[in-house]
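Numbering (our numbering), first residue to last: 33 to 180.
Notes follow the structure.
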C-alpha cells in the first residue's frame, strides 16, 4: 500500500483502444492533410473531431465535410513542468481551437514564437508532419497566425 502523500506511486499508462468508425475516418483524413467533421442533419452542428451521434439532439451523424485547417483559439494552458506522461518537453501549450466551419473545438498542441504571446481569440493554423501515419499527431501543432 502506498501512502497518499509524499511517495512516488508506480503509474501504468499503456493501453490500446479502437478508434471506432468516426474517429478512424477522421484519422485517415489527417493522413491526407484533410480535417474532417460530421454535420448533424437536425441541428446543423459540425463536430470536429467527429462522433457518431449528436450530443445535442441525439441524431445519427453521417454527413462528412472537410473543415478549414485554420480557426480561433478559444482557450489554452501552458505546461511549465515535465512529467513522464507528456510526449513533449516543457514548456509547451495545449489549446482548444474552433476550426472555421466547425461547431465544436479540437484540443491540440499550440505554438507561438513565445508561448506567452498566445491570445484567446487569436487565429491558429494547423502545421502537419511531413510524414503522416493516420494519427492525431499528424498535426504537429497549431501555430499562431500573425495579424495584419
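Heads up, the beta-carbon is just placed ideally off N, CA and C, and yes, glycines get one too.
From the options, pick the residue whose C-alpha is nearest to that of residue i; which is it?
i	options	result
residue 124	137, 159, 141 and 73	141
residue 146	122, 163 and 164	122
residue 135	166, 154 and 88	88
residue 54	79, 115, 73 and 120	79
residue 132	114, 153 and 164	153
residue 144	61, 174 and 112	174
residue 110	102, 120, 103 and 166	120
residue 155	112, 130, 118 and 77	130
residue 112	167, 73 and 148	148
Spatial neighbours of residue i within its chain, please: C-beta separation below 7 Å, excluding the five flanking residues on both sides.
i	result
residue 180	The pLDDT assigned to residue 180 is 43, lower than 50, so where the model puts this residue is not dependable, and the model offers no usable value.
residue 81	55, 58 and 138
residue 51	59
residue 73	91 and 95
Round the Cβ separation of residue i and residue j to the nearest angstrom and send it over; I've been treating them as touching at under 8 Å.
i	j	result
residue 157	residue 177	5 Å
residue 68	residue 98	6 Å
Can you name, in chain order, every residue of its own chain whose Cβ lies under 6 Å from the Cβ of residue i, other than the five neighbours on each side?
i	result
residue 127	105, 108 and 142
residue 61	68
residue 159	172, 173 and 175
residue 75	88 and 89
residue 83	54
Can you find the residues in the same chain that come closer than 8 Å, C-beta to C-beta, to residue i, ignoring five residues on each side of it along the sequence?
i	result
residue 161	169, 170, 171 and 172
residue 85	91, 92 and 93
residue 114	121 and 122
residue 77	71, 86, 88, 135 and 136
Determine, using beta carbons only, whether residue i comes closer than 8 Å to chain B.
i	result
residue 132	The chain inventory of the structure shown lacks chain B, comprising one protein chain alone.
Return yes when the Cβ of residue j is within less than 8 Å of the Cβ of residue i, no when it is not.
i	j	result
residue 102	residue 71	no
residue 65	residue 165	no
As an exercise, report each continuous beta strand (DSSP E) stretch of at least 3 residues that is fully enclosed by the stretch 66-119, in chain order.
67-71, 95-99 and 102-111
Could you give the uninterrupted runs of the beta strand (DSSP E) lying entirely in the stretch 146-172, keeping only those of 3 residues or more? 155-160
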